[in-house]
Amino acid sequence: MIDDNNRDEFIEENKQFIYSAASSVCKKKLSWENDDELSIAMIAFNSACDKYNKNKGNFLSFAKVLIRNSLIDFFRKSKSYVSLNFSFNKSDNDEKINNIQDKISISEYDKQIENSKRASEISQLSKELLQYNLNFSDLIKSSPSHKNTRNALLNIAFICIQEVHIIEYIKTKKMLPIKELMLITGNNRKYFEKWRRYLIVLIVILSSEEYPYIKSYLKIKVGEKNEN
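The sequence shown stops at residue 228 when you use the UniProt record's numbering, and every number in between is there.
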């Protein structure tokens with residue numbers, strides 16, 4: 001596992017690698033602002049940071065495989081079909097069908113359906129975040145390294161979504177009501193300016209019922225308040 005300390009800096013340093021790996025699989029130039037493939041590649045890279053150990057060999061080679069597999073899952077969902085290959089044993093009775101083989105197992109198919117829905121959510125969320133001049137990768141790049149900070153920000157996000165006037169302010173002004181949040185939480189302006197992007201993305205996700213798979217990625221259950 002890659003150390004959580006300075007994870008966002010590590011991802012930023014390897015942004016060109018992530019781009020190259022994704023572009024190689026997609027066989028085309030990509031745009032960080034417009035292409036979901038890069039968001040998926042960044043999620044896969046972050047997952048590689050969590051899953052890596054020295055027994056898996058070179059980290060970048062390992063990350064490249066995860067990026068490739070994640071994008072292939074994304075492409076499969078885009079085709080929206082399951083290909084079945086039926087093989088008949090003519091030596092048996094006509095009523096017997098032998099060796100019916102699914103090219104994708106039920107478990108793999110279920111995984112593809114889940115990936116399809118997740119990719120759809122990422123696409124929808126990316127469009128919504130454009131209104132805030134943000135993108136989904138901001139959730140990863142600006143994610144705090146320390147668990148306590150993540151928990152504190154998550155709890156602030158839950159406070160915000162429980163206050164209708166705060167949500168209305170954020171969705172209308174496209175910014176945080178920093179003065180009010182300073183009074184509610186006791187944190188200073190510098191704190192909210194530092195975590196503004198991450199907090200807005202969290203609030204957008206949590207205040208909507210359209211992103212259950214992304215919430216599961218964040219290990220958030222609907223209506224469940226995170227504990228420090």
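Backbone N, C-alpha and C fix where the C-beta goes; we use that ideal spot for every residue, glycine too.
- The straight-line gap separating the alpha-carbon atoms of Ala21 and Asp35 is approximately 14 Å.
- Contact between the stretch 156-165 and the stretch 191-204 is established, with three or more Cβ pairs separated by less than 8 Å.
- Take Leu66, set aside five residues on each side of it, and the residues of its chain with a beta-carbon closer than 8 Å to its own are Ala44, Phe45, Ser47, Ala48 and Lys51, in chain order.
- Collapsing the DSSP output to three states places Lys27 in coil.
- In this structure, the CA atom of Cys26 is about 25 Å from the CA atom of Glu9.
- One Cα belongs to Phe192, the other to Ile11, and the distance between them is close to 22 Å.
- Judged by DSSP in its simplified three-state form, Lys173 adopts helix.
- Straight through space, the alpha carbons of Ala119 and Tyr211 are spaced by roughly 10 Å.
- In this model, Ile184 and Trp195 are separated by some 16 Å (Cα to Cα).
- With 16 or more other Cβ atoms from the protein chains shown falling within 10 Å of its own Cβ, Met42 counts as buried.
- Taking Ser23 as the centre and dropping the five residues before and after it, the same chain places the C-beta of Lys29 and Leu30 closer than 8 Å to its C-beta, in chain order.
- With contacts defined as CB atoms closer than 7 Å, Ser142 and Arg189 fail to qualify as a contacting pair.
- In the structure shown, the three-state DSSP call for Ser137 is helix.
- In this model, Glu128 and Glu13 are separated by some 27 Å (Cα to Cα).
- Residue burial is scored here from C-beta neighbours: Ser39 has at least 16 other C-beta atoms within 10 angstroms and is therefore classed as buried.
- Excluding five sequence positions before and after Ser207, the CB atoms of its chain that fall closer than 6 Å to its own CB belong to Ile161 and Ile167, given in chain order.
- Of all alpha-carbon atoms in Glu37, Arg7 and Lys56, the one lying nearest the alpha-carbon of Asp73 is that of Glu37.
- Here His165 carries a helix assignment [DSSP, helix/strand/coil].
- In this structure, the straight-line span from the alpha carbon of Leu176 to that of Gln124 is close to 21 Å.
- Nearest neighbour of Ile140 by Cα position, chosen from Tyr132, Arg150 and Gln131, turns out to be Arg150.
- With respect to the C-alpha of Ile18, the residue from Ser137, Lys179, His146 and Asn115 having the closest C-alpha is Ser137.
- Excluding its 5 nearest sequence neighbours in each direction, Asn55 has no C-beta neighbour in its own chain below 6 Å.
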